[in-house]
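FYI, the numbering for the sequence shown is 45 to 327, going by the working numbering.
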Amino acid sequence: MITLRQAYNELENLLKNSGISDYKSEAKIIFYHCFEIDYEYIILNGDKIFSEDKFEKIVEIAEKRKSKIPLQYILGLCEFMGEIFFVGEGVLVPREDTSVLVNESYNILKHKNNLKIVDLCSGSGCIAITLKKMFGDKADVYGIEISDKAYYYFRKNVTSKHSDIKTLKADIFEIYKNFDDNSFDAIISNPPYIKEEDIGKLQKEVLLEPKIALNGGEDGLEYYRKICLNWYSKIKKRGIIAFEIGFEQNDFVKSILEENGFENIKLFNDINNIPRVIIGEKI
Numbered sequence: 045m046i047t048l049r050q051a052y053n054e055l056e057n058l059l060k061n062s063g064i065s066d067y068k069s070e071a072k073i074i075f076y077h078c079f080e081i082d083y084e085y086i087i088l089n090g091d092k093i094f095s096e097d098k099f100e101k102i103v104e105i106a107e108k109r110k111s112k113i114p115l116q117y118i119l120g121l122c123e124f125m126g127e128i129f130f131v132g133e134g135v136l137v138p139r140e141d142t143s144v145l146v147n148e149s150y151n152i153l154k155h156k157n158n159l160k161i162v163d164l165c166s167g168s169g170c171i172a173i174t175l176k177k178m179f180g181d182k183a184d185v186y187g188i189e190i191s192d193k194a195y196y197y198f199r200k201n202v203t204s205k206h207s208d209i210k211t212l213k214a215d216i217f218e219i220y221k222n223f224d225d226n227s228f229d230a231i232i233s234n235p236p237y238i239k240e241e242d243i244g245k246l247q248k249e250v251l252l253e254p255k256i257a258l259n260g261g262e263d264g265l266e267y268y269r270k271i272c273l274n275w276y277s278k279i280k281k282r283g284i285i286a287f288e289i290g291f292e293q294n295d296f297v298k299s300i301l302e303e304n305g306f307e308n309i310k311l312f313n314d315i316n317n318i319p320r321v322i323i324g325e326k327i
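And the structure:
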């Protein structure tokens, strides 16, 4: 027999011994996901008997995590800005940092009506779906994703949340030709921005995420250049382009925006006070 407290402590130890740095947080997530038991309940009811079947379930998850499979892939779910999204192999796991991109884009656009917004490299769809939820009827939102696997989760999330956004499975460097000039009030994107040579140095968990969502080319800036070049004419006057950026990329991306005619360029920091988002305006 094993108690709830013993089961939780054993799960923590299994994760810790597997080299999971955030083992305490992940143990809480696993318990809540599997049994809807939060940490406060464990503290207050630790002496309750925990069934062998339940214990085997958490050990199975811990064993998978030992091989550094992202916990979000194991559970099939990820939280982003208070909402749960379906994820799995082949789709980039949403990060908390990306909430800066969503919030700052919303803050700039929230006073406007009849907006038309496109999210490029949509992945799971977390950006497009969240923006649509925030704007409601004030905005038509499009999401574009090329990967078959990522698009599957994108559509699954749209359907599960009954989100009224327009999803397109397409290459962003081709489909722009299908849109009229001056079509969009905003182009939003969290593009691949890791230098090709640096991908092999990433954490094992990250290496299990799709390379297509990570590889930003030789210098990590390929997508910024191509998006600015190809999509500039599709933005309305006084419209914006908003990017998530990688570490120490702010000056480079700022130069790319300026070279392509964007002005009033602003940077926004993440919770670690690192520049994470850059937004330019088409004058």
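Note that CB positions come from ideal geometry on N, CA and C, so glycine has one too.
Between which two residues does the beta strand (DSSP E) carrying residue i extend?
i    : result
K210 : K210 to K213
A257 : Here A257 belongs to no beta strand (DSSP E), and DSSP marks it neither H nor E.
K280 : I279 to E288
R320 : P319 to K326
N313 : F306 to N313
With 16 other CB atoms within 10 Å as the buried threshold, where does residue i fall?
i    : result
F40  : Because the chain is modelled from 45 through 327, residue 40 falls outside the range shown and cannot be assessed.
L59  : buried
S299 : exposed
T142 : buried
C347 : Summary: the structure shown does not reach residue 347, with the chain confined to residues 45 through 327, and so no result is reported for it.
Q379 : The question about residue 379 has no answer, for the chain in this structure spans 45 to 327.
T203 : exposed
L265 : buried
Can you tell which of the options has its C-alpha closest to the C-alpha of residue i?
i    : options                   : result
E54  : D82, A106 and Y83         : A106
D215 : L175, V297, R199 and I271 : I271
F287 : D163, I73, I81 and Y52    : D163
S227 : K280, D82, F94 and I284   : K280
P413 : K213, G167 and N308       : This structure cannot speak to residue 413, because the chain is shown only from 45 to 327.
L119 : N316, F94 and Y76         : Y76
R109 : K92, Y150 and E70         : E70
M125 : Y83, D97, L301 and G169   : G169
A194 : E96, K255 and Y83         : K255
N313 : M45, I73 and V146         : V146
N234 : K98, V250 and L258        : L258
Measure the C-alpha to C-alpha separation of residue i and residue j and round it to an integer number of angstroms.
i    : j    : result
E262 : N294 : 17 Å
K112 : I64  : 8 Å
E303 : R282 : 17 Å
Y220 : A230 : 14 Å
K68  : S277 : 48 Å
E148 : R269 : 22 Å
E127 : F306 : 33 Å
L136 : F129 : 12 Å
L252 : K205 : 27 Å
Tell me where the alpha helix (DSSP H) around residue i begins and ends.
i    : result
V162 : From DSSP, V162 is part of no alpha helix (DSSP H) but of the beta strand (DSSP E) over L159 to L164.
D141 : D141 -> no alpha helix (DSSP H), and no H or E assigned at all.
Complete beta strand (DSSP E) runs within the segment 60 to 126 (minimum length 3 residues, chain order):
121 to 124
Uninterrupted beta strand (DSSP E) stretches inside the segment 226 to 257 (no shorter than 3 residues):
228 to 233
Could you tell me which whole beta strand (DSSP E) segments of length 3 or greater appear in the segment 150 to 202?
159 to 164 and 183 to 189
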